[in-house]
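Enquirer: This is the structure I want to talk about, given as structure tokens.
Residue numbers (this note's numbering): 24 to 900.
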């Protein structure tokens, strides 16, 4: 029945077989091309597109060319399933590919063919490290084929950003891309704009970006008022209030509800009569202080480093540098942690990820886990999810969850399991949900004498991130990691020769140039290699930043005639051969032991995050296993009825250290996760619906700004503004239908004041006009006044009027938009109450937002006209 409704997924994949066969038939022919002939194909493709060929007609040949280039440059040949993934992405869909199936290599195919149009392709990842890695490593294929590759990083200058966005293919992160878009639409000059018009975007970890990140809009803020005393007092009061007496915590909705006793107690302590007084509101500060106390926990949601509160991304476990919670929440947490309370901010520009990525005419993405969110991706983004089969059959064993009564017993059981598996030499990956939990487990494993690597949001642990993840599949390796989404590095059984070789090469060079001790004892082969390298390059002078760049180039396969890089590259290749032999032996041992064992320490609110952790094991047909250890005190179980199971265990007199292993419990857990997912989907859907209203207004304002920046002369623009403003006055006069001399005098006085006329309009003559003549007369006076003002200003400096027009237009649009965002934010916060009056809050919001927008546009027009006509530049002598 489901196949009738939604189609057979196997049929979708089979639909690509004809194209795949055509690509495979071309392989033998393209294999005979020398490098120059292969590289020339890019120019031939571009010529065909300029002659009017459709991009789809190049698919077969371009994919075959990219596959051959990848073989020559990286030594990696695309599997057929990877070609299918590339075709799905090219069609503007989402390709779901299991972890370890080579998604990064898949993105090369559609990014190459779409970049041939010259419109620019954005490959978007979730963090700076992955963007840099992909641009450096995968970018070699594009460079070999003659395309330019750009990279956007957080620390880049405006000039560098502009240069990198102009490349054929640009690797960046979702946040940098979004913030650059907002900054571009606040630019004062055309040359300050860094991005080109959007064309095609490929999102890596698409579910993380479009689902997880979609709950938080991108906001650029400016300084606002700073009532720090309010945050400090609110924190003191919040700490004194008692849970379930003065306030209730809704953990499902992550909200705080003040009871009547709580309101009275707060008002008594503050010595105010109304907590919700609009002139001096205290309620938002109390609510934020209580949220900071109950719902935002140190070392889970944030860490404190150098007296600064830093947000931890709940989905990737990384620190979100430069990001702050909005609406005073961050300040409330700073007050709670007794750190410096930074200035409250005012929104200058904002956009949700939903509306931002819908700006792309063509959008696609890839991930290992999108099927659970298929309906949302289709409804909001119009993106179809297609599952790509694995290259080799998945043989990982996913064991049923073990549920313990208490947290203490759970962690002890995890440590026991680690000891048992470590003893036989199997590698273990343990996923935790917070910094706090990862450090708790780390200290427990230390007590058990189990050597391990710790990877969490703390900066000291993140430095070796790629190396730790890359070597997590070695024999006896034990790795603890907070959320594994977006780590971007494959866990290869036996180890990763590329990372091992690169790491050893760096140790060699650190020892040679900076006298760093080599950490590990070298065998004879490595010692000889170190001595050889030392003799070859000891005369060279180099600093640390240059060294990093040299190592990156040495690990590439691009052409170079630099003898230093040639020497490094030779040593790197020898290291790869040495480690490959070692890894092959170790890989066989690990496979015989059963592969990587993944331990989950808690169920996440989203099933996708659990699946991402599991997916680290069993890549490319490798053996492996996974198991989740849970307790009835875990957040998810506690919120969704863990107390009932606990009572049942007590009544059955089940020992605390005996776990429950039940299919029924697993189903109820999955049901709880679905409820949470549905709740967050509703939240994202509501955010999208409300932001969609603002989005039309945003596009109108940003389009207006762009036209102003691109226009050479704004004279006609401002005259039109002036004429419309004068007609507003005239229409208002006509609507009154009281054509007395007094009313007419008021109208003409308003016109004279606005236009700054150096003479009075003849009242007697104006009184004799017909309505049409009156109208025409006022428009004529407007043009005369503008010509007079222009000639007066241009006497001071030729062309100054054009600069004033541009400056006043941008200034007024930006200040009005800032105020509008503030009003819209207030409207959104209060519109929900309309539901109690049997009115749909969304429809009410749309109507009022439209009225506010119309008022804003009139305000902009009137302000610009007034400023220009009343401006009096001073002539400097």
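Built from N, CA and C at the ideal position, the CB exists for glycine as well.
Is the beta carbon of residue 493 less than 9 Å from the beta carbon of residue 528?
Expert: Position 470 of the chain shown, counting from 1, holds the residue named residue 493. Position 505 of the chain shown, counting from 1, holds the residue named residue 528. For residue 493 and residue 528, no; Cβs fall outside 9 Å.
Enquirer: Taking contact to mean 3 or more Cβ pairs, one atom from each stretch, closer than 8 Å, check whether the stretch 80-92 and the stretch 376-394 are in contact.
Expert: Touching, no.
Enquirer: Using only CA atoms, which one of 406, 575 and 798 lies nearest to residue 756?
Expert: Residue mapping note: residue 756 aligns to position 733 of the chain shown, counting from 1. Ranking the options by Cα distance to residue 756, first place goes to 798.
Enquirer: Between the stretch 274-286 and the stretch 320-329, do three or more beta carbon pairs fall short of 8 Å?
Expert: Not touching, per the Cβ criterion.
Enquirer: Taking 8 Å as the cut-off, does the stretch 872-883 touch the stretch 829-848 (at least 3 CB pairs, one atom from each stretch)?
Expert: Yes, the stretch 829-848 touches the stretch 872-883.
Enquirer: With distances taken from CA atoms, which of 39, 364 and 816 is nearest residue 410?
Expert: Translated into the one-based positions of the chain shown, residue 410 becomes position 387. Of the candidates 39, 364 and 816, the one whose C-alpha sits nearest the C-alpha of residue 410 is 39.
Enquirer: Note down the Cα distance separating residue 252 from residue 364, rounded to an integer number of angstroms.
Expert: Stepping through the chain shown from its first residue, residue 252 is reached at position 229. Stepping through the chain shown from its first residue, residue 364 is reached at position 341. Residue 252 and residue 364: Cα-Cα distance of roughly 10 Å.
Enquirer: Any contact between the stretch 109-120 and the stretch 405-422? By contact I mean 3 or more CB pairs, one from each, below 8 Å.
Expert: With a cut-off of 8 Å, the stretch 405-422 and the stretch 109-120 count as touching, because enough Cβ pairs lie within range.
Enquirer: Where residue 156 and residue 724 are concerned, what is the direct C-alpha to C-alpha distance, given to the nearest angstrom?
Expert: For this step, residue 156 is matched to residue 133 along the chain shown. For this step, residue 724 is matched to residue 701 along the chain shown. Answer to the nearest angstrom: the Cα atoms are 37 Å apart.
Enquirer: Closest to residue 277 by CA distance: which of 264, 289 and 317 is it?
Expert: Mapped onto the chain shown, residue 277 falls at position 254. The shortest C-alpha separation from residue 277 is found at 317.
Enquirer: Out of 501, 844, 833 and 845, point me to the one whose CA is closest to residue 890's CA.
Expert: One-based indexing of the chain shown puts residue 890 at position 867. Measuring from the Cα of residue 890, the nearest candidate turns out to be 833.
Enquirer: Quick one: residues in its chain with C-beta nearer than 7 Å to the C-beta of residue 270, no 5 flanking neighbours on either side, listed in chain order?
Expert: Residue mapping note: residue 270 aligns to position 247 of the chain shown, counting from 1. Within the same chain, residue 270 has close Cβ partners 264, 279, 280, 281, 282, 285 and 313.
Enquirer: Residue 613 and residue 454 - do their beta-carbons sit closer together than 9 Å?
Expert: In the chain shown, the residue the question calls residue 454 occupies position 431. In the chain shown, the residue the question calls residue 613 occupies position 590. No, they are not a contact pair.
Enquirer: Out of curiosity, what's the CA-to-CA distance linking residue 823 and residue 74?
Expert: Mapped onto the chain shown, residue 823 falls at position 800. Mapped onto the chain shown, residue 74 falls at position 51. Distance between the alpha carbons of residue 823 and residue 74 is about 46 Å.
Enquirer: Would residue 82 and residue 136 be called neighbours here (beta carbons separated by less than 9 Å)?
Expert: One-based indexing of the chain shown puts residue 82 at position 59. One-based indexing of the chain shown puts residue 136 at position 113. Yes, the Cβ-Cβ distance between residue 82 and residue 136 is below 9 Å.
Enquirer: Whose C-alpha, out of 705, 653 and 703, is nearest the C-alpha of residue 683?
Expert: Sequence index remark: in the chain shown, residue 683 carries index 660 (1-based). The shortest Cα separation from residue 683 among 705, 653 and 703 belongs to 653.
Enquirer: Shortest alpha-carbon distance to residue 478 belongs to which of 738, 732, 390 and 459?
Expert: Residue numbering aside, residue 478 sits at position 455 when the chain shown is read from its first letter. Minimum Cα distance to residue 478 is reached at 459.
Enquirer: Look up residue 325 in the DSSP assignment and say whether it is helix, strand or coil.
Expert: Walking along the chain shown from the start, residue 325 turns up at place 302. In this structure, residue 325 counts as strand in the three-state DSSP scheme.
Enquirer: Which residues mark the beginning and the end of the alpha helix (DSSP H) in which residue 527 is found?
Expert: By 1-based counting over the chain shown, the position of residue 527 is 504. Its alpha helix (DSSP H) spans residues 520-537.
Enquirer: Near residue 520, which residues of its chain fall below 7 Å by C-beta distance, leaving aside the five closest residues on each side in sequence?
Expert: Position 497 of the chain shown, counted from the start, is the residue given in the question as residue 520. So the qualifying residues of the chain are 599, 602, 603 and 606.
Enquirer: Report yes or no: do three or more beta-carbon pairs, one from the stretch 179-190 and one from the stretch 88-107, lie closer than 8 Å?
Expert: Touching, no, given that fewer than three Cβ pairs across the two stretches are closer than 8 Å.
Enquirer: Within the 9 Å Cβ cut-off, does residue 828 reach chain D?
Expert: Although the question refers to chain D, the structure presented lacks it and comprises just one protein chain.
Enquirer: Who does residue 270 pair with in a DSSP beta bridge?
Expert: Numbered from its first residue, the chain shown carries residue 270 at position 247. DSSP lists 266 and 281 as partners of residue 270.
Enquirer: Could you tell me which whole alpha helix (DSSP H) segments of length 4 or greater appear in the stretch 99-161?
Expert: Those alpha helix (DSSP H) runs which fall completely within the stretch 99-161 and span 4+ residues are 103-113, 126-129, 131-138 and 151-160.
Enquirer: Between which two residues does the alpha helix (DSSP H) containing residue 648 stretch?
Expert: Residue numbering aside, residue 648 sits at position 625 when the chain shown is read from its first letter. Element bounds for residue 648: not the alpha helix (DSSP H) but the beta strand (DSSP E), 647-654.
Enquirer: Cα separation between residue 644 and residue 439?
Expert: Locating residue 644 in the chain shown gives position 621, counting from the first residue. Locating residue 439 in the chain shown gives position 416, counting from the first residue. When rounded, the distance between both Cα atoms is 28 Å.
Enquirer: Runs of 4 residues minimum, wholly inside the stretch 339-378: which ones carry the alpha helix (DSSP H) assignment?
Expert: Counting whole runs of 4 or more residues, the stretch 339-378 contains the alpha helix (DSSP H) stretches 352-359.
Enquirer: Ignore the nearest five residues each way along the sequence and tell me which others in residue 937's own chain have a CB closer than 6 Å to its CB.
Expert: The structure shown has nothing for residue 937, since the chain only spans 24 to 900.
Enquirer: Given a cut-off of 9 Å on the beta-carbon distance, is the pair residue 241 and residue 374 in contact?
Expert: The sequence position of residue 241 within the chain shown is 218, counting from 1. The sequence position of residue 374 within the chain shown is 351, counting from 1. For residue 241 and residue 374, yes; Cβs fall inside 9 Å.
Enquirer: So, does the stretch 746-754 touch the stretch 844-852, judging by three or more C-beta pairs under 8 Å?
Expert: Judged by Cβ distances under 8 Å, the stretch 746-754 makes no contact with the stretch 844-852, as fewer than three pairs qualify.
Enquirer: Please list the terminal residues of the continuous beta strand (DSSP E) segment that includes residue 498.
Expert: Reading the chain shown from its first residue, position 475 is the one you call residue 498. It is not in any beta strand (DSSP E) - residue 498 carries neither H nor E in the DSSP assignment.
Enquirer: Report the option in 871, 533, 353 and 552 whose CA atom is closest to the CA atom of residue 564.
Expert: Indexing the chain shown from 1 puts residue 564 at position 541. Closest option to residue 564, Cα to Cα, is 533.
Enquirer: Nearest-angstrom Cα distance between residue 703 and residue 400?
Expert: Translated into the one-based positions of the chain shown, residue 703 becomes position 680. Translated into the one-based positions of the chain shown, residue 400 becomes position 377. One C-alpha to the other measures close to 14 Å.
Enquirer: So if DSSP puts residue 452 in a beta bridge, which residue, or which two residues, is it bridged to?
Expert: Counting from one through the chain shown, the residue named residue 452 turns up at place 429. Bridge partners of residue 452: 502 and 621.
Enquirer: What are the boundary residues of the alpha helix (DSSP H) that residue 5 is part of?
Expert: Given a span of 24 to 900 for the chain in the structure shown, any question on residue 5 remains unanswerable.
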